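Input: a single structure, listed below in structure tokens.
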């Protein structure tokens with residue numbers, strides 16, 4: 001996003017802005033590295049290290065530091081990170097491992113085949129597998145799973161992070177079982193120093209030191225609480241804000257409640273994505289804009305303001321860096337649950353094809369992992385008005401889907417019914433065409449059809465005069481945009497990038513004077529196509545060209 005929209009506004013000095021740091025865990029990190037490098041695993045090919053602590057105590061941060069450690073990267077042939085969930089079963093686990101290891105989508109649903117694929121992928125390789133948020137209650141399940149991992153070369157290892165209370169039955173399954181203790185007083189102070197009072201030494205300021213000790217005495221056992229409260233305090237006018245937390249058993253709820261309304265709305269939109277979903281800043285901000293979350297100050301660009309909102313939420317620890325991708329972000333599970341619980345009146349995420357959708361919601365997402373075909377009118381028959389509709393890939397999808405298989409049925413009637421749509425994402429579906437009834441979506445501001453089977457966009461699309469973002473990336477059959485694309489006079493972001501071939505822009509693009517980003521442009525001498533000379537009129541254009 002920075003390369004496209006600029007740095008934006010926000011509290012740039014906060015810890016999250018400069019990247020994740022590991023505080024107070026170096027001894028544990030060093031001990032784990034020694035266990036991995038000494039390769040003493042009792043004759044088994046695979047060492048299993050289980051780290052136990054409560055939610056928000058820094059398990060993921062510790063795994064993150066190990067995953068990115070250069071010594072370990074050089075020692076192991078392959079490192080794999082898997083984010084687990086409460087719904088993870090053996091089939092899903094093996095499927096995730098195959099997809100991440102091969103960087104390719106896997107549609108196989110046979111457990112036996114997946115087990116053999118995992119064995120083949122790790123066979124004779126010294127691998128390091130990270131399993132975050134593992135539920136270790138089922139000892140037999142993990143005994144079976146871990147037996148598969150012995151197909152790897154000697155010296156391979158699995159590091160699991162869990163907050164399960166029942167750990168006694170797992171001790172004979174794991175090679176090493178480690179308990180993550182609370183941070184020391186010194187580490188707690190350092191954490192608050194980085195989050196809340198950047199540029200001021202807590203130790204030399206008696207008032208700040210008193211406030212810090214009050215926070216630590218109440219919440220010092222949980223680094224996530226400290227970061228969130230520190231993020232709130234760094235935006236507060238007075239250190240007396242801490243009084244609000246005295247006796248409060250739900251500090252993260254309070255951190256959310258005191259947010260400005262525009263940031264609450266941004267977070268509510270995020271509840272449409274699954275727990276653990278990894279997202280790009282430049283993907284989220286345009287959707288916030290179409291959702292009406294972003295209200296820039298005079299002289300400030302929409303995108304700049306949106307990035308500022310994002311940075312502030314990052315600074316307040318509502319977002320954190322992805323453990324695997326330092327240019328992507330994720331919500332911690334505790335914060336996600338808080339946001340989800342306060343958003344249920346208008347926002348609904350459907351992960352189960354059999355679940356009913358409340359009739360009062362205005363913003364709907366369907367998480368595609370459990371769907372093969374979506375009967376749109378049947379799924380939404382109780383709804384009267386819909387402003388947002390997203391088809392969302394699950395958080396574990398690591399790669400582009402070259403051949404989408406999810407089918408949407410009834411798109412024509414869907415458009416005729418829900419004419420108030422403002423944000424529409426049909427990406428990664430087997431959609432071959434958009435019906436002409438899209439002309440009725442006069443309020444539509446964001447449209448994404450990435451990685452679909454679309455061959456051509458309808459001419460009716462060009463009547464959507466409020467459209468600000470149009471994405472049709474990696475549409476392998478799409479070769480050109482409609483001739484009247486120039487009528488989309490409010491368009492700010494146009495992205496038709498794809499790996500093979502190109503999408504030809506029509507003549508008249510010079511009239512899209514609001515355009516801010518155009519990542520790819522193919523020059524042509526055909527008079528019906530856009531020429532290089534037209535780009536000279538796009539004075540607001542920024543970003544990269546290919």
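In UniProt numbering, the protein residues as written are 1 to 546. All C-beta atoms, glycine included, are put in the ideal place defined by N, C-alpha and C. All values reported here derive from a predicted model rather than from experimental measurement.
Residue i Cβ short of 7 Å to the ligand COA heavy atom set
i	result
residue 357	Looking at this structure, you won't find the ligand COA or any other ligand, since it has none at all.
Neighbour-count burial assignment, residue i, 16 or more Cβ in a 10 Å radius
i	result
residue 109	exposed
residue 539	exposed
residue 159	buried
residue 513	exposed
residue 345	exposed
residue 423	buried
residue 471	buried
residue 257	exposed
residue 70	exposed
residue 525	exposed
residue 503	buried
Local conformation of residue i per DSSP, three classes
i	result
residue 273	coil
residue 392	strand
residue 151	coil
residue 131	strand
residue 506	strand
residue 496	coil
residue 76	coil
residue 46	strand
residue 160	strand
residue 240	Because residue 240 sits at a pLDDT of 45, beneath the cut-off of 50, its placement in the model cannot be relied upon, and the point is left open.
residue 511	helix
residue 325	coil
residue 425	strand
residue 468	coil
residue 448	strand
residue 487	helix
residue 518	coil
residue 330	strand
residue 529	strand
residue 320	strand
residue 103	coil
residue 265	helix
residue 96	helix
residue 438	helix
residue 222	coil
Spatial neighbours of residue i in its chain, beta-carbon cut-off 7 Å, leaving aside the 5 residues before and after
i	result
residue 357	348, 350, 364, 379, 380, 382, 383
residue 328	278, 279, 280, 322
residue 377	410, 413, 414
residue 534	509, 510
residue 171	177
Element boundaries [alpha helix (DSSP H), containing residue i]
i	result
residue 122	111-122
residue 289	281-290
residue 350	Element bounds for residue 350: not the alpha helix (DSSP H) but the beta strand (DSSP E), 347-350.
residue 413	411-417
residue 541	Counting along the chain, residue 541 falls outside any alpha helix (DSSP H), and DSSP gives it neither H nor E.
residue 334	333-341
residue 60	59-67
residue 374	Per DSSP, residue 374 belongs to no alpha helix (DSSP H); it is in the beta strand (DSSP E), 373-375.
residue 25	Counting along the chain, residue 25 falls outside any alpha helix (DSSP H), and DSSP gives it neither H nor E.
residue 251	251-257
residue 188	185-195
Residue i - containing beta strand (DSSP E), residue span
i	result
residue 89	That residue, residue 89, is in no beta strand (DSSP E); it is neither H nor E in DSSP.
residue 177	176-179
residue 367	363-367
residue 301	Run containing residue 301: none; DSSP gives neither H nor E here.
Proximity to residue i [Cα-Cα], best of the options
i	options	result
residue 337	275, 289, 476, 291	275
residue 26	468, 217, 63	63
residue 155	255, 76, 105, 333	76
residue 288	299, 267, 297	267
residue 93	60, 418, 69, 144	144
residue 123	335, 153, 101, 97	153
residue 253	509, 339, 470, 32	339
residue 261	436, 228, 504, 295	295
residue 444	203, 297, 473, 490	490
residue 375	388, 226, 354	354
Same chain, Cβ closer than 8 Å to residue i, five either side skipped, listed in chain order
i	result
residue 147	none
Chain-order list of residues whose beta-carbon lies under 6 Å from that of residue i (same chain, five-residue window excluded)
i	result
residue 316	231
residue 163	54, 55
residue 476	none
residue 463	439
residue 36	157
residue 265	293
residue 2	For residue 2, the predicted model reports a pLDDT of 34, less than 50, meaning its position is unreliable and no value from the coordinates is stated.
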